[in-house]
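Visitor:
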Amino acid sequence: MRASDKYAYSERKYQFEKLCNRRSRVAAALSFVMILMYFSFMAMFAFSKSTMGIIIAPGLSLCILLGAGVIVGSFALCFGYVVWANRVYDPSVRRIMD
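Residue 33 in our numbering sits at position 10 of the sequence shown, with consecutive numbering throughout.
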């Protein structure tokens, strides 16, 4: 292997490791937000039942509304990750591999 090939390989490896670290940070941030949403909902459910029982509309309590919000929030986080992966991560991987 020539010196220039070794340099190109080490540069690509460095760029890929940097990209993997960025992906890990994005995944950790999204996981933290999801855990925060879920455990906030569960804590309110466990320790503030009177608040969760507030009727917003006939047949709709705050608990049901917040539970649906957690589900919608998880879909939004997943959608955000997919958009980020398609627009940032995948093109960067292709650029490094070429």
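Note that beta-carbon positions come from the ideal geometry of N, C-alpha and C, so glycine has one too. As the structure is a computational prediction, the values presented were derived from the model and not from experiment.
Would you please state the rounded distance, in angstroms, between the beta carbons of R104 and L53? I believe it to be under 8 Å.
Guide: For the purposes of this step, residue 104 is taken as the residue at position 81 of the sequence shown. For the purposes of this step, residue 53 is taken as the residue at position 30 of the sequence shown. Note on identity: in this sequence residue 104 is Tyr, with Arg being the wrong assignment. Cβ atoms of Y104 and L53 come within 8 Å of each other, at about 6 Å.
Visitor: Nearest-angstrom Cα distance between S63 and G82?
Guide: The count along the sequence shown starts at 1 and reaches residue 63 at position 40. The count along the sequence shown starts at 1 and reaches residue 82 at position 59. If I take the Cα positions, the gap works out to 23 Å.
Visitor: How about Y61 and V93: do their beta carbons lie closer than 9 Å?
Guide: For this step, residue 61 is matched to residue 38 along the sequence shown. For this step, residue 93 is matched to residue 70 along the sequence shown. In this structure, V93 lies closer than 9 Å to Y61 by Cβ.
Visitor: In the DSSP output, which residue or residues are listed as bridge partners for L83?
Guide: By one-based count along the sequence shown, residue 83 stands at place 60. A80.
Visitor: If contacts are defined as beta-carbon pairs under 8 Å, then I5 and S71 qualify, I think. What distance do you get, rounded to the angstrom?
Guide: Examination of residue 5 is not possible in this model, given that the chain is present from 24 through 121 alone.
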